[in-house]
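These notes are about the structure you will find just below.
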Amino acid sequence: MNRPGVEDVLPLSPLQQGLLFHAVYDEASDDVYTVQLVLEIEGPLDSESMRLAADALLRRHANLRAAFLHEKFDEPVQVIPRKVELPWAEKDLSGLPRDERDAEWDRWLAEDRAHRFVLTRPPLLRFTLVTLAPGEYRLVVTNHHILLDGWSMPIVLRELFELYGTRGDASALAPVTPYRDYLAWLARQDPAAADAAWRQALDGLEEPSLMAPVSRGRAHTLPERVSATLSAPLTEALAGQARSAGRTLNTLLQAAWSIVVGQLTGRDDIVLGMAVSGRPPHIPGIESMVGLFINTLPSRVTLDPTETFGALVDRLQSEQAALTPYHHVSLTQVQQLAGVGTLFDTCIVVENYPVDTAELKLPGEGLRITGFDGRDASHYAVVLTAVPGERMHLRIDYRADVFDRATAESVLSRFLLLLEEIAERDTMPVGRLELLTAPERRRILSDWNDTARDIAPTTFPALFEAQAARTPTAPALDSPELSLTYQELNARANQLAHELTHRGVAPEHIVALALPRSTDIAIAQLAVMKAGGAYLPIDPDYPTDRINYILNDANPTLIITTTQHTHQLPHNHPAPRLLLDTTNLTPHPTHNPTTTLTTTHPAYLIYTSGSTGRPKGVLVTHHGIAGFATSLSQRLDVTADSRVLQYASPSFDASVAELSICFPSGATLVIPPPGPLADDVLAKVLVDQRVTHAIIPPAALASVRAGDFPAFRSLTVAGEAATAELVDRWAPGRRMVNAYGPTEATVGASASAPLAAGTGTPSIGRPLDNTRLYVLDSSLRPLPVGVPGELYIAGDGLARGYLGRTGLTSERFVACPFGAPGERMYRTGDLARWTPDGELVFAGRVDDQVKVRGFRIELDEIQRTIAAHPLVGQAAVVVREDRPGDRRLVAYVVAGSPDLDLTALRDHVAGTLPDYMVPSAFVGMDVLPVTTNGKLDRKALPAPDFSGRATGEGPRTEREEVLCELFAEVLGIERVGIHDSFFDLGATRSARPAWSAGSARGSKWNCRCGPCSRQPPWRASPRSSATPTTPVRP
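Numbering (our numbering), first residue to last: 942 to 1975.
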């Protein structure tokens, strides 16, 4: 086009800017914004008159001739040429047999829709007249959405048919109000007022509402569609409810759709896309203007479960009315104001502009419009469109690369179910509106939780003593220092239990066990429970501050330890100490003690990370132990000839699972040599000790090289998410199970079926016997299959609660609405979703509690510890996975004083928290990044750069070269200098297993990881080369 041929140059409307962006973004794929309308016409149609009418339409409306240019312009523009050639085509299918004709029609129609417009080559619409048979036609009008909106189409068709009657003479039609008048009105609006209104409407919004389970970028194919038509009574009931309360049907449907989206995304602060007409009444003739006026804008809906549906609609209508004067603002601008990126991926459109074929008249005898069909789309993942009428028509257009048809049909069916609920009763609280059908509810709540089994509750001592009576000479415990039969183990435990009874231990008393994994602690655990008490395991290697806190919080009656470990305990705690290596137990009898112990009494107390900055003690009774032991033992196929590895630290509840599957089954508990278990050390134990059963966290298991483990027939992974790769490596040749359960539910709540290689990421399975699992939303409503929600546990295994924390106990252990009166369920804080076959998939956390290398960690506890340092101003702690599978804690610190030294700060934290809670990196920051809402912007936190901390001095000897290479390999950095510290370069103590593995595999310079890893590589002592590697268990 040369300039003399240009009639006008105009800016773009807000939505035109967005559509231009999408068109330019991907010019090779299907353009989802190609709109296609099909009119079915019967009668003696004059094709030439129709062509002249279409041509006149282009001459009449200048904006229909627009080309859209963006290159070489500061802002994109639409250029209006004075003349364009009408894209008109005719196609005759009347000579084909009916079946072939219909097939060719469908093929051509799809081809026409897939044929992209080039936005720089006007006009961006085309007309095709297809003859199907004599007197039977299809007029196909195809255009790019950047030209026209749905409200304009009835105007275009009405004028087209009037011009058909005059063979293109437009003199009788009313003058056109040009589209440029609307654009001029846009330019006069006050941007500051609009920004203020939208900023207020979105104030406090923390994250977008995304229905798509994963982000797959923008759509590259045309969407698929599912649809349904409401009954006439239901349609009238909805319309009547809207009329009687002075509400719009649009707002009512938006409120309903937001409830569906909220339940399917687990959110109560919802943002939907809404299509607004965008036709300001202030412009004369706006009702007859042709062009793109609509806009897509966010509709924010906050859901209060106690608010009635009617009140929600009224509030939403009021909030949206306040924003009506600002519907001209672009979505891009609004999203920038919100500051959370893409706000939504689902839209709702109410077509109150449907083309009524009864009102469309073609001049001439015998001509009539017999049908109408339209296809349009968008790039959003899900678009709900409602077409009002005597029977409202609903359709969902969905991206097939994100959802399958079954999911789309399920979403539509839930929306229909909700409409039926609210049609007659708008007084129902939002939190009680149900999205499950009766069969779905029965399947999720009852069928998949049909776990009741008649297992008589009994205490753990009773289980053990019964087994000792059945198989007295069978091996019960096997360790490097000694082996004991069930009779011998029972006798030793009984002698210690009598001593404990003599010292006042009884039911409801707590006895601390400051012992490592060993024969001693196995005997002590049995003895404390036999005396009626509850044992409290404490790792002697914990920092003194943590041990002191636990002892003061639990206030044990007695502390059992040894001479070796007593000096690691606080000297000022008043509880008396029993030193196993200096106490003579031989005077005590070996028979079972008699106590008043019942299943309602506590069996053990285990401390876990706490969100208040201090650990919390979980008090677990005997009530669920028998059921747990029976259920898990059978799932893992534990028999009398099994050899169960005591892998877990006694301070973690996995150790309870090891005892529970071992002793009641008559199996042997294998106690490994002292020291950490991972990599080659763990592999050696599995082989040398002929271990048949083990419960191992995925991180530790991943460190073990593939090998031959002839006796190892049953493996359970637990403590953190297991990967598909781990299953592929370890499932062949043995029974492998993925188990799940928090400390608050007697160790375990679910377990998968035996896993098989090549089946992907494992689920956490189904509930164990006498355990029920519920996936619920914030209103405690069960969620449909595939929808993530918080996981709740009910059944026999629930803990009594948190020691001395009544408020926290009542917050986490809540009334169960699906059980017997008075029954409780535990809020795990974990997210999960049901699969169609009734298994559960772990989906993350609802709070800041995380699992790293199998340890449950409250980030707040670490953050509070760092922030408590007098030289720290601010602190934030996150989990990063900058390398696949390598999850690390990273602390970001703003100094409160120029004297702050990050190395000293790390030492301070290491002296307060256990090793697994010490961040691998401390990153100094001038300020912590925040979002526009003042929240920590986690996405803006930089990845720690450990490579920059490496010194330049390389190795001088073969030994130094090997050590430097091992450091670099474990840390995932390119090189390490001889003066660099293992921890300064980003390692945690939990990285030591990998370090030890590398040294064992790659070097004769095998060294301990304790002292040497704190020092530069060259300081690894020569004497340590003769010491076996002792990797630290995570």
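Glycine is no exception: its CB is placed at the ideal position from the N, C-alpha and C atoms.
Item to check | Bridge-paired residues (DSSP) for Gln1815 | outcome: Val1835
Item to check | Neighbourhood of Pro1885 by C-beta distance below 7 Å, restricted to the same chain and skipping five residues each side | outcome: Val1831, Ala1862, Val1864, Gly1927
Next on the checklist: Please give the ranges of any beta strand (DSSP E) in the region 951-997, keeping only runs that are unbroken, at least 3 residues long and fully inside the region.
Outcome noted: Counting only runs of 3 or more residues that sit fully inside the region 951-997, the beta strand (DSSP E) segments are 975-983, in chain order.
Checklist entry - What is the rounded straight-line gap between the Cα of Gly1889 and the Cα of Asp1621? => result For Gly1889, the pLDDT reaches just 48, beneath the cut-off of 50, and the residue's location in the model is therefore unreliable, although a value from the coordinates is still provided. Straight-line Cα distance between these residues: approximately 32 Å.
Next on the checklist: Out of Gly1219, Gln1204, Ser1218, which one is the CA nearest neighbour of Val1212?
Outcome noted: Gln1204
Next on the checklist: If I measure Cβ to Cβ from Thr1853 and keep anything under 8 Å in the same chain, skipping five residues before and after, which residues do I get?
Outcome noted: Pro1484, Asp1486, Arg1487, Thr1806
Next on the checklist: Quick check on DSSP: helix, strand or coil for Gln1019?
Outcome noted: DSSP, reduced to helix, strand and coil, places Gln1019 within a strand of the structure shown.
Checklist entry - Near Thr1368, what residues of its chain come up, given a Cβ to Cβ distance below 7 Å and the 5 sequence neighbours on each side ignored? => result Around Thr1368: Thr1249, Gly1251.
Next on the checklist: DSSP three-state label for Thr1536, please.
Outcome noted: Coil at Thr1536, not helix or strand.
Checklist entry - Whole beta strand (DSSP E) runs in the region 1681-1752 with 3 or more residues, listed along the chain? => result Runs of the beta strand (DSSP E) inside the region 1681-1752: 1712-1717, 1730-1736.
Item to check | Contact belief for Val1081 with Val979 at Cβ below 8 Å, rounded distance in angstroms | outcome: 5 Å
Next on the checklist: Can you check which of these residues, Arg1821, Asp1848, Pro1896, is closest to Arg2023 by C-alpha distance?
Outcome noted: Nothing about residue 2023 can be reported from this structure: the residues present for the chain run from 942 to 1975 only.
Checklist entry - Is the beta carbon of Ile1566 sitting closer than 8 Å to the one on Ala1544? => result yes
Item to check | Among Arg1067, Ile1479, Asp996, nearest to Ala1030 - alpha-carbon criterion | outcome: Selected option, being the one with the closest Cα: Arg1067.
Item to check | 7 Å Cβ shell around Thr1523 - same chain, five flanking residues per side excluded | outcome: Thr1504
Item to check | Helix, strand or coil at Leu1073 [DSSP, three-state] | outcome: strand
Checklist entry - Comparing alpha-carbon positions, which option in Pro1811, Thr1537, Val1859 lies nearest Pro1839? => result Pro1811
Checklist entry - Helix or strand or just coil, what does DSSP make of Phe1569? => result Here DSSP, grouped into helix, strand and coil, assigns Phe1569 to helix.
Next on the checklist: In the DSSP assignment, the alpha helix (DSSP H) including His1439 goes from what residue to what residue?
Outcome noted: 1427-1443
Next on the checklist: Just to confirm the assignment: which complete beta strand (DSSP E) runs, minimum length 3, are found wholly within the region 1297-1336?
Outcome noted: Within the region 1297-1336, the complete beta strand (DSSP E) runs of at least 3 residues are 1309-1316, 1323-1328.
Next on the checklist: Which same chain residues end up closer than 7 Å to Leu1264 when comparing Cβ atoms and leaving out the 5 residues on each side of it in sequence?
Outcome noted: Ala1138, Ala1142
Item to check | Nearest residue (CA-CA) to Ser1218, options Pro1164, Leu1904, Leu1089, Ala1341 | outcome: Leu1089
Checklist entry - Excluding the five sequence neighbours on either side, which residues of its own chain have a C-beta within less than 7 Å of the C-beta of Ala1409, listed in chain order? => result Tyr1427, Gln1428, Asn1431
Next on the checklist: What residue range does the beta strand (DSSP E) around Phe1356 cover?
Outcome noted: Where Phe1356 is concerned, there is no enclosing beta strand (DSSP E), although the alpha helix (DSSP H) it sits in stretches over 1346-1365.
Checklist entry - From what residue to what residue does the alpha helix (DSSP H) around Ser1199 run? => result 1190-1206
Item to check | Distance between Arg1188 and Gly1181 (C-alpha atoms, nearest Å) | outcome: 10 Å
Checklist entry - How far does the beta strand (DSSP E) with Val1212 in it reach, from first residue to last? => result 1210-1217
Checklist entry - For Val1201 and chain B, any beta-carbon pair shorter than 8 Å? => result Structure shown: chain B not included; a single protein chain is present.
Checklist entry - Is the distance from the Cβ of Asn1533 to the Cβ of Glu1406 below 8 Å? => result yes
Item to check | Backbone CA spacing between Ala1694 and Leu1656 [nearest angstrom] | outcome: 12 Å
Next on the checklist: Using DSSP's beta-bridge definition, name the partner residues of Asn1236.
Outcome noted: Asn1236 is bridged to Val1217.
Checklist entry - Can you tell which of Glu1148, Glu1045, Ala1773, Pro945 has the C-alpha that lies nearest to the C-alpha of Gln1277? => result Glu1148
Item to check | Alpha carbon of Ala1135 to alpha carbon of Ser954, nearest angstrom | outcome: 15 Å
Next on the checklist: Given this structure, state the Cα-to-Cα distance separating Glu1422 from Gln1630, to the nearest angstrom.
Outcome noted: 13 Å
Next on the checklist: Check whether the region 1161-1175 and the region 1322-1336 are in contact - that is, three or more C-beta pairs closer than 8 Å.
Outcome noted: Yes, since at least three Cβ pairs between the region 1161-1175 and the region 1322-1336 fall closer than 8 Å, the two stretches touch.
Item to check | Close beta carbons around Val1791, own chain, < 6 Å, minus the five adjacent residues each side | outcome: Result list for Val1791: Ile1798, Val1820, in chain order.
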